[in-house]
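K.L.:
So that you can map any letter, position 19 of the sequence shown is -1 in the working numbering, and since no number is skipped, the others follow by simple counting.
Note that beta-carbon positions come from the ideal geometry of N, C-alpha and C, so glycine has one too.
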Amino acid sequence: MLQPHSLLWHYLWIGPHALLALLALVMWRRGLHREFPAFFCYAIFESVGEGVIYAIDVTPTASARLYWLSYLSFLIVEVFIKLVVIGEVFTHLLRRYPSLGEFGKTLISGVGIVLVFTATIIAAYASPTPFWLISATRILGRSLSVVQCGLILFLFVFASHFNLRWGRPIFGITVGFGIVAALDLAYWALMTGWLFGQKTYLLDFLNMATYQVCVLIWFYFLLVPQKIVTTPAAPLPEHNLDIWNRELERLLQ
(Lines of atoms letter the chains of each structure in order from A and count residues from 1; the text may use other names and numbers.)
(Lines give C-alpha, C1' and ligand atoms only; values in the text may rest on other atoms or scores of the structure.)
Protein backbone atom coordinates (compact mmCIF):
# COMPACT_ATOMS: atom_id res chain seq x y z
CA MET A 1 0.00 0.00 0.00
CA LEU A 2 1.22 3.47 -0.86
CA GLN A 3 2.28 5.54 2.12
CA PRO A 4 2.89 9.28 2.47
CA HIS A 5 6.26 10.39 1.11
CA SER A 6 6.27 7.59 -1.42
CA LEU A 7 7.31 8.39 -4.99
CA LEU A 8 3.67 8.88 -5.98
CA TRP A 9 3.12 11.23 -3.03
CA HIS A 10 6.08 13.39 -4.10
CA TYR A 11 4.86 13.50 -7.70
CA LEU A 12 1.27 14.38 -6.80
CA TRP A 13 2.49 17.28 -4.66
CA ILE A 14 5.09 18.68 -7.05
CA GLY A 15 3.58 17.66 -10.42
CA PRO A 16 0.47 19.89 -10.48
CA HIS A 17 2.38 22.95 -9.32
CA ALA A 18 5.13 22.40 -11.86
CA LEU A 19 2.36 22.27 -14.48
CA LEU A 20 0.92 25.50 -13.05
CA ALA A 21 4.31 27.18 -13.48
CA LEU A 22 4.37 25.94 -17.08
CA LEU A 23 0.81 27.23 -17.60
CA ALA A 24 1.83 30.67 -16.27
CA LEU A 25 4.80 30.70 -18.68
CA VAL A 26 2.60 29.81 -21.67
CA MET A 27 0.02 32.43 -20.62
CA TRP A 28 2.80 35.01 -20.53
CA ARG A 29 4.06 34.05 -23.98
CA ARG A 30 0.54 34.19 -25.45
CA GLY A 31 -0.38 37.43 -23.72
CA LEU A 32 -3.14 35.83 -21.66
CA HIS A 33 -1.69 37.34 -18.48
CA ARG A 34 -3.12 40.69 -19.58
CA GLU A 35 -6.60 39.23 -20.03
CA PHE A 36 -6.59 37.15 -16.83
CA PRO A 37 -4.07 38.86 -14.51
CA ALA A 38 -5.59 37.52 -11.27
CA PHE A 39 -5.50 33.90 -12.43
CA PHE A 40 -1.97 34.43 -13.76
CA CYS A 41 -0.88 35.65 -10.30
CA TYR A 42 -2.67 32.68 -8.72
CA ALA A 43 -0.74 30.22 -10.91
CA ILE A 44 2.60 31.82 -9.99
CA PHE A 45 1.79 32.05 -6.29
CA GLU A 46 0.60 28.44 -6.09
CA SER A 47 3.64 27.03 -7.88
CA VAL A 48 6.12 29.05 -5.81
CA GLY A 49 4.28 28.84 -2.47
CA GLU A 50 3.66 25.12 -2.64
CA GLY A 51 7.28 24.62 -3.65
CA VAL A 52 8.37 26.37 -0.45
CA ILE A 53 5.94 24.34 1.69
CA TYR A 54 7.16 21.13 0.03
CA ALA A 55 10.80 22.05 0.69
CA ILE A 56 10.02 22.65 4.37
CA ASP A 57 8.16 19.34 4.63
CA VAL A 58 10.96 17.23 3.16
CA THR A 59 13.76 18.99 5.06
CA PRO A 60 14.68 16.76 8.03
CA THR A 61 15.82 19.67 10.19
CA ALA A 62 12.63 21.70 9.73
CA SER A 63 10.33 21.68 12.75
CA ALA A 64 6.62 20.88 12.69
CA ARG A 65 5.91 24.37 14.04
CA LEU A 66 7.72 25.95 11.09
CA TYR A 67 5.74 23.80 8.65
CA TRP A 68 2.31 24.60 10.12
CA LEU A 69 3.11 28.28 10.56
CA SER A 70 4.25 28.50 6.94
CA TYR A 71 1.20 26.57 5.75
CA LEU A 72 -1.17 28.81 7.72
CA SER A 73 0.44 31.94 6.29
CA PHE A 74 0.28 30.46 2.80
CA LEU A 75 -3.41 29.61 3.27
CA ILE A 76 -4.30 33.18 4.30
CA VAL A 77 -2.57 34.74 1.28
CA GLU A 78 -3.93 32.06 -1.06
CA VAL A 79 -7.55 32.77 -0.22
CA PHE A 80 -7.12 36.49 -0.89
CA ILE A 81 -5.79 35.68 -4.36
CA LYS A 82 -8.63 33.21 -4.96
CA LEU A 83 -11.18 35.88 -4.06
CA VAL A 84 -9.59 38.24 -6.56
CA VAL A 85 -9.81 35.51 -9.21
CA ILE A 86 -13.51 34.98 -8.44
CA GLY A 87 -14.02 38.74 -8.78
CA GLU A 88 -12.21 38.63 -12.12
CA VAL A 89 -14.55 35.86 -13.30
CA PHE A 90 -17.54 38.01 -12.30
CA THR A 91 -16.14 40.94 -14.29
CA HIS A 92 -15.78 38.77 -17.40
CA LEU A 93 -19.29 37.41 -16.96
CA LEU A 94 -20.63 40.97 -16.93
CA ARG A 95 -18.34 42.29 -19.67
CA ARG A 96 -21.42 43.76 -21.43
CA TYR A 97 -22.22 45.59 -18.20
CA PRO A 98 -18.88 47.09 -17.11
CA SER A 99 -20.24 49.19 -14.25
CA LEU A 100 -22.01 46.21 -12.69
CA GLY A 101 -18.95 44.06 -13.26
CA GLU A 102 -16.62 46.42 -11.42
CA PHE A 103 -19.14 46.91 -8.61
CA GLY A 104 -19.63 43.14 -8.24
CA LYS A 105 -15.88 42.54 -8.24
CA THR A 106 -15.39 45.12 -5.48
CA LEU A 107 -18.30 43.71 -3.49
CA ILE A 108 -17.07 40.11 -3.75
CA SER A 109 -13.54 41.12 -2.75
CA GLY A 110 -14.75 43.29 0.13
CA VAL A 111 -17.15 40.73 1.57
CA GLY A 112 -14.58 37.99 1.08
CA ILE A 113 -11.89 39.95 2.89
CA VAL A 114 -14.22 40.56 5.84
CA LEU A 115 -15.11 36.86 6.01
CA VAL A 116 -11.47 35.82 5.74
CA PHE A 117 -10.45 38.26 8.46
CA THR A 118 -13.24 36.98 10.72
CA ALA A 119 -12.31 33.35 10.08
CA THR A 120 -8.65 34.14 10.78
CA ILE A 121 -9.46 35.76 14.14
CA ILE A 122 -11.70 32.83 15.13
CA ALA A 123 -9.01 30.34 14.12
CA ALA A 124 -6.34 32.22 16.08
CA TYR A 125 -8.30 32.34 19.34
CA ALA A 126 -10.51 29.26 19.17
CA SER A 127 -7.89 26.70 20.21
CA PRO A 128 -5.39 27.92 22.83
CA THR A 129 -3.65 24.54 23.02
CA PRO A 130 -0.07 23.39 22.34
CA PHE A 131 -1.33 22.27 18.90
CA TRP A 132 -3.17 25.52 18.17
CA LEU A 133 -1.45 25.95 14.80
CA ILE A 134 -2.92 22.69 13.49
CA SER A 135 -6.35 23.47 14.90
CA ALA A 136 -6.25 27.03 13.58
CA THR A 137 -5.25 25.83 10.12
CA ARG A 138 -8.15 23.37 10.02
CA ILE A 139 -10.69 25.92 11.27
CA LEU A 140 -9.47 28.50 8.77
CA GLY A 141 -9.33 26.01 5.89
CA ARG A 142 -12.87 24.79 6.54
CA SER A 143 -14.26 28.32 6.87
CA LEU A 144 -12.59 29.56 3.71
CA SER A 145 -13.75 26.53 1.73
CA VAL A 146 -17.35 27.34 2.68
CA VAL A 147 -16.88 30.94 1.47
CA GLN A 148 -15.34 29.85 -1.84
CA CYS A 149 -17.99 27.20 -2.50
CA GLY A 150 -20.73 29.74 -1.79
CA LEU A 151 -19.25 32.37 -4.12
CA ILE A 152 -18.68 29.92 -6.98
CA LEU A 153 -22.20 28.50 -6.60
CA PHE A 154 -23.49 32.08 -6.71
CA LEU A 155 -21.61 32.66 -9.99
CA PHE A 156 -23.26 29.67 -11.66
CA VAL A 157 -26.74 30.52 -10.37
CA PHE A 158 -26.33 34.19 -11.33
CA ALA A 159 -25.12 33.37 -14.85
CA SER A 160 -27.92 30.84 -15.34
CA HIS A 161 -30.64 33.19 -14.09
CA PHE A 162 -29.62 36.07 -16.37
CA ASN A 163 -28.62 33.83 -19.32
CA LEU A 164 -25.08 35.18 -19.33
CA ARG A 165 -22.69 33.63 -21.80
CA TRP A 166 -19.59 32.00 -20.35
CA GLY A 167 -16.37 32.58 -22.20
CA ARG A 168 -14.42 29.36 -22.69
CA PRO A 169 -11.41 30.30 -20.50
CA ILE A 170 -13.59 31.79 -17.75
CA PHE A 171 -15.79 28.69 -17.68
CA GLY A 172 -12.73 26.45 -17.34
CA ILE A 173 -11.25 28.59 -14.56
CA THR A 174 -14.55 28.56 -12.65
CA VAL A 175 -15.10 24.81 -13.02
CA GLY A 176 -11.56 24.10 -11.80
CA PHE A 177 -11.96 26.42 -8.83
CA GLY A 178 -15.35 24.89 -8.04
CA ILE A 179 -13.91 21.37 -7.93
CA VAL A 180 -10.98 22.52 -5.77
CA ALA A 181 -13.27 24.39 -3.35
CA ALA A 182 -15.72 21.48 -3.02
CA LEU A 183 -12.92 18.99 -2.47
CA ASP A 184 -11.20 21.25 0.07
CA LEU A 185 -14.47 21.58 1.99
CA ALA A 186 -14.92 17.81 2.10
CA TYR A 187 -11.24 17.33 2.98
CA TRP A 188 -11.30 19.70 5.95
CA ALA A 189 -14.61 18.33 7.18
CA LEU A 190 -13.30 14.75 7.14
CA MET A 191 -10.00 15.78 8.72
CA THR A 192 -11.82 17.59 11.52
CA GLY A 193 -13.95 14.55 12.28
CA TRP A 194 -10.96 12.17 12.14
CA LEU A 195 -13.15 9.80 10.13
CA PHE A 196 -10.13 8.22 8.44
CA GLY A 197 -8.18 7.68 11.65
CA GLN A 198 -4.57 6.85 10.87
CA LYS A 199 -5.28 6.64 7.13
CA THR A 200 -5.70 10.36 6.57
CA TYR A 201 -2.92 10.12 3.98
CA LEU A 202 -5.55 8.63 1.64
CA LEU A 203 -7.29 11.99 1.71
CA ASP A 204 -4.00 13.65 0.78
CA PHE A 205 -3.64 11.37 -2.23
CA LEU A 206 -7.21 12.09 -3.34
CA ASN A 207 -6.82 15.83 -2.81
CA MET A 208 -3.55 16.08 -4.72
CA ALA A 209 -4.73 13.84 -7.58
CA THR A 210 -7.92 15.85 -8.03
CA TYR A 211 -5.95 19.09 -8.04
CA GLN A 212 -3.85 17.77 -10.89
CA VAL A 213 -7.05 17.07 -12.83
CA CYS A 214 -8.11 20.69 -12.21
CA VAL A 215 -4.78 21.97 -13.53
CA LEU A 216 -5.29 19.91 -16.70
CA ILE A 217 -8.78 21.43 -17.02
CA TRP A 218 -7.22 24.90 -16.89
CA PHE A 219 -4.68 23.89 -19.51
CA TYR A 220 -7.43 22.66 -21.82
CA PHE A 221 -9.80 25.60 -21.51
CA LEU A 222 -7.12 28.30 -21.57
CA LEU A 223 -4.80 26.97 -24.25
CA VAL A 224 -6.81 24.75 -26.62
CA PRO A 225 -8.53 26.95 -29.23
CA GLN A 226 -12.30 26.83 -29.39
CA LYS A 227 -14.03 25.62 -32.53
CA ILE A 228 -15.85 28.51 -34.18
CA VAL A 229 -19.47 27.69 -34.95
CA THR A 230 -21.39 30.22 -36.99
CA THR A 231 -24.92 30.83 -35.81
CA PRO A 232 -27.43 33.40 -36.98
CA ALA A 233 -27.23 36.56 -34.94
CA ALA A 234 -30.15 37.13 -32.61
CA PRO A 235 -30.87 40.24 -30.55
CA LEU A 236 -30.04 39.81 -26.89
CA PRO A 237 -33.07 40.25 -24.62
CA GLU A 238 -33.03 43.21 -22.29
CA HIS A 239 -33.44 42.32 -18.64
CA ASN A 240 -32.83 43.92 -15.28
CA LEU A 241 -29.06 43.91 -15.73
CA ASP A 242 -29.36 46.54 -18.46
CA ILE A 243 -31.38 48.77 -16.16
CA TRP A 244 -29.07 48.19 -13.19
CA ASN A 245 -26.00 48.92 -15.29
CA ARG A 246 -27.44 52.18 -16.63
CA GLU A 247 -28.54 53.33 -13.19
CA LEU A 248 -25.18 52.49 -11.66
CA GLU A 249 -23.38 54.41 -14.40
CA ARG A 250 -25.68 57.37 -13.75
CA LEU A 251 -24.95 57.25 -10.01
CA LEU A 252 -21.21 57.02 -10.57
CA GLN A 253 -21.28 60.04 -12.85
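Please list, in chain order, all residues of the same chain as Ala42 whose beta carbon is under 7 angstroms from its beta carbon, the five residues on each side excluded.
P.N.:
Only Ile36 meet the Cβ criterion.
K.L.:
Thinking Pro149 and Phe16 are a contact (beta carbons under 8 angstroms), I'd like their distance in whole angstroms, please.
P.N.:
7 angstroms
K.L.:
Below 7 angstroms between beta carbons: does that hold for Trp(-7) and Met188?
P.N.:
yes
K.L.:
Taking just the CA atoms, how far does Leu(-1) sit from Leu52?
P.N.:
23 angstroms
K.L.:
Where does Ser(-14) land, buried or exposed, given buried means 16+ other C-beta within 10 angstroms?
P.N.:
exposed
K.L.:
Roughly how many whole angstroms lie between the Cα atoms of Pro(-4) and Phe138?
P.N.:
30 angstroms
K.L.:
Measure the Cβ-Cβ separation of Ile197 and Gly152 and say whether it is below 7 angstroms.
P.N.:
yes
K.L.:
For the alpha helix (DSSP H) containing Tyr34, name the first residue and the last one.
P.N.:
Pro17 to Val38
K.L.:
Might you give, ordered along the chain, the residues of its own chain that have their beta carbon closer than 8 angstroms to the beta carbon of Ala18, omitting 5 neighbours on each side?
P.N.:
For Ala18, same chain residues with a beta-carbon under 8 angstroms away, outside a window of 5 residues either side, are Ile61, Val64, Val65, Gly67 and Glu68 in chain order.
K.L.:
Within the same chain, show all residues whose beta-carbon is closer than 7 angstroms to that of Ala162, passing over the 5 residues directly before and after it, in chain order.
P.N.:
Cys129
K.L.:
Specify the secondary structure class of Leu74 as computed by DSSP and reduced to three states.
P.N.:
Note: Leu74 maps to coil in three-state DSSP.
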